[in-house]
Amino acid sequence: MRVYFIGSHATGKTTLCRYVSHRYRLPMITEVARLILAEQETNLDALRTDMDLVAAYQRRVFERQMQVERQHDGSFVSDRAFDNLAYAAEHTTILAELLGDPRFDEYMEWVAGGVVFFLRPHASLLRDDGVRAGVSWDEVVRIDGMVKLLLEQYRIKYLPVESVSMQERVRAVEFVFDRLGIADRPDDTPTARERRRESGRGNGRGNGHDVPAFV
């Protein structure tokens, strides 16, 4: 099973990705953009001012995402898919080149075979994250629209996640997974087993379940 959380900047994709990775014991793919930034030994200011550099960066992010996913031949959860193409459309002139790459159509079919959650933006969540620092709300809305356009154009089925509430987001994910027959897999480390034993004894308040505090 391949699970994707996609959307524009500052929508909480990585937070939900971590939750699913932990709850369902799925390998997590994340930080691709930050790794490429480090490998290029560049900084955000350079990406804002050097068109060739940002084009190379966006191309490498997309290629690395495809490569890493293929290395996880099986189940995984990722906090992105083709998202960076929306940024390429916003900041470079290479989008047509990337869309014309034969690997692109193959990748979109690959994504369509997964479970896709499309996280919509909220101004209250916008903050710098060290990769897309200083992004304006107007840009976030444009990126969101571009991601939606690609989803619709390539007929990728998705569940839009509109709520800001982490509880409601988690419930939406659990609802989908339950309908797909995907059961959560409890952590089987010695510490986790002991925690479950303690939880099973009850706490005097009628709650004997090990549930994350934020749910």
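Mapped onto the working numbering, the consecutive letters of the sequence shown carry residue numbers -15 to 199. Cβ coordinates follow ideal geometry from the N, Cα and C atoms, glycine included. Predicted, not measured: the structure shown is a model, and the values here were computed from it.
Handout entry: Separation of Val61 from Arg44, as counted between CA atoms
Key = Reading the sequence shown from its first residue, position 60 is the one you call residue 44. Reading the sequence shown from its first residue, position 77 is the one you call residue 61. Arg44 and Val61: Cα-Cα distance of roughly 20 Å.
Practice task
Would you kindly check if the distance between the Cβ of Ile127 and the Cβ of Ala65 is under 8 Å?
Solution key: As a position in the sequence shown, residue 65 is number 81, starting the count at 1. As a position in the sequence shown, residue 127 is number 143, starting the count at 1. Not a contact, by the Cβ cut-off of 8 Å.
Practice task
Taking only the alpha-carbon atoms, compute the straight-line gap between Gly(-9) and Asp67 and give it to the nearest angstrom.
Solution key: The residue labelled residue -9 in the question sits at position 7 within the sequence shown. The residue labelled residue 67 in the question sits at position 83 within the sequence shown. The alpha-carbon atoms of Gly(-9) and Asp67 are separated by roughly 6 Å.
Exercise for the section: Please look up how many angstroms separate the CB atoms of Phe102 and Leu134, rounded, as I've assumed it's under 8 Å. Expected result: Residue mapping note: residue 102 aligns to position 118 of the sequence shown, counting from 1. Residue mapping note: residue 134 aligns to position 150 of the sequence shown, counting from 1. Contact flag wrong, Cβ pair sits at about 10 Å.
Exercise for the section: Check Tyr(-12) in the structure and name its three-state DSSP category. Expected result: Working through the sequence shown from its first residue, we reach residue -12 at position 4. Residue state, collapsed to three classes: strand.
Practice task
Report yes if the CB atom of Gly(-12) is closer than 8 Å to the CB atom of Val95, and no otherwise.
Solution key: Counted from its first residue, the sequence shown places residue -12 at position 4. Counted from its first residue, the sequence shown places residue 95 at position 111. The question names Gly, but residue -12 in the sequence shown is Tyr. Contact: yes.
Practice task
Using alpha carbons as the reference points, say which of Leu19, Ala17, Arg2 lies closest to Pro11.
Solution key: To locate residue 11, count along the sequence shown from 1; it is residue 27. Closest by alpha carbon: Arg2.
Exercise for the section: Just the C-alpha distance for Asp85 and Ala73, rounded to the nearest angstrom, thanks. Expected result: Indexing the sequence shown from 1 puts residue 85 at position 101. Indexing the sequence shown from 1 puts residue 73 at position 89. Near 15 Å, if we compare the C-alpha coordinates of Ala73 and Asp85.
Practice task
Select from His56, Lys141, Thr77 the residue whose C-alpha is nearest the C-alpha of Gly98.
Solution key: Locating residue 98 in the sequence shown gives position 114, counting from the first residue. The option with the nearest alpha carbon to Gly98 is Lys141.
Handout entry: Cβ-Cβ distance between Ala39 and Thr76 below 8 Å
Key = For this step, residue 39 is matched to residue 55 along the sequence shown. For this step, residue 76 is matched to residue 92 along the sequence shown. A contact, by the Cβ cut-off of 8 Å.
Handout entry: N- and C-terminal bounds of the beta strand (DSSP E) containing Phe88
Key = Taking the first residue of the sequence shown as position 1, residue 88 is located at position 104. It is not in any beta strand (DSSP E) - Phe88 instead sits in the alpha helix (DSSP H) that spans 86 to 96.
Practice task
Assign Ile13 to one of three DSSP states: helix, strand, or coil.
Solution key: Indexing the sequence shown from 1 puts residue 13 at position 29. Note: Ile13 maps to strand in three-state DSSP.
Practice task
Could you tell me the distance, in whole angstroms, from the CA atom of Asp34 to the CA atom of Ile166?
Solution key: Taking the sequence shown and counting its residues from 1, the one referred to as residue 34 is at position 50. Taking the sequence shown and counting its residues from 1, the one referred to as residue 166 is at position 182. Answer to the nearest angstrom: the Cα atoms are 45 Å apart.
Handout entry: DSSP three-state assignment for Leu103, whether helix, strand or coil
Key = The residue you call residue 103 lines up with position 119 of the sequence shown. In this structure, Leu103 counts as strand in the three-state DSSP scheme.
Handout entry: Endpoints, alpha helix (DSSP H) assigned at Val38
Key = Walking along the sequence shown from the start, residue 38 turns up at place 54. Its alpha helix (DSSP H) spans residues 35 to 55.
Exercise for the section: Determine the DSSP secondary structure at Phe159, reduced to helix, strand or coil. Expected result: As a first step, residue 159 is located in the sequence shown; it is residue number 175 there, counting from the start. Note: Phe159 maps to helix in three-state DSSP.
Handout entry: Distance CB(Val52)-CB(Ile20) smaller than 8 Å
Key = The sequence position of residue 52 within the sequence shown is 68, counting from 1. The sequence position of residue 20 within the sequence shown is 36, counting from 1. Contact flag unset, no.
Practice task
Evaluate Ala17 with the Cβ neighbour count: other Cβ atoms within 10 Å of its Cβ, from every protein chain shown; 16 or more gives buried, anything less gives exposed.
Solution key: If you number the sequence shown from 1, residue 17 lands on position 33. Per the 10 Å Cβ criterion, buried.
Exercise for the section: Indicate the three-state DSSP secondary structure (helix, strand or coil) for Val148 in the structure shown. Expected result: Position 164 of the sequence shown, counting from 1, holds the residue named residue 148. It is coil, neither helix nor strand.
Problem - Residue burial classification, Asp168 (beta-carbon count within 10 angstroms, cutoff 16) - result: Taking the sequence shown and counting its residues from 1, one reaches residue 168 at position 184. When all chains shown are included, Asp168 counts as exposed.
Exercise for the section: Enumerate in chain order the residues of its own chain whose CB-to-CB distance from Ser5 is below 6 Å, with the five nearest sequence positions on each side excluded. Expected result: In the sequence shown, residue 5 corresponds to position 21, counting from 1. For Ser5, where only same-chain residues beyond five positions count, the Cβ hits under 6 Å are Met12, Val61.
Exercise for the section: Just tell me which of Met(-15), Ala(-6), Arg9, Arg32 has its CA closest to the CA of Ser59. Expected result: Walking along the sequence shown from the start, residue 59 turns up at place 75. Answer by Cα proximity: Met(-15).
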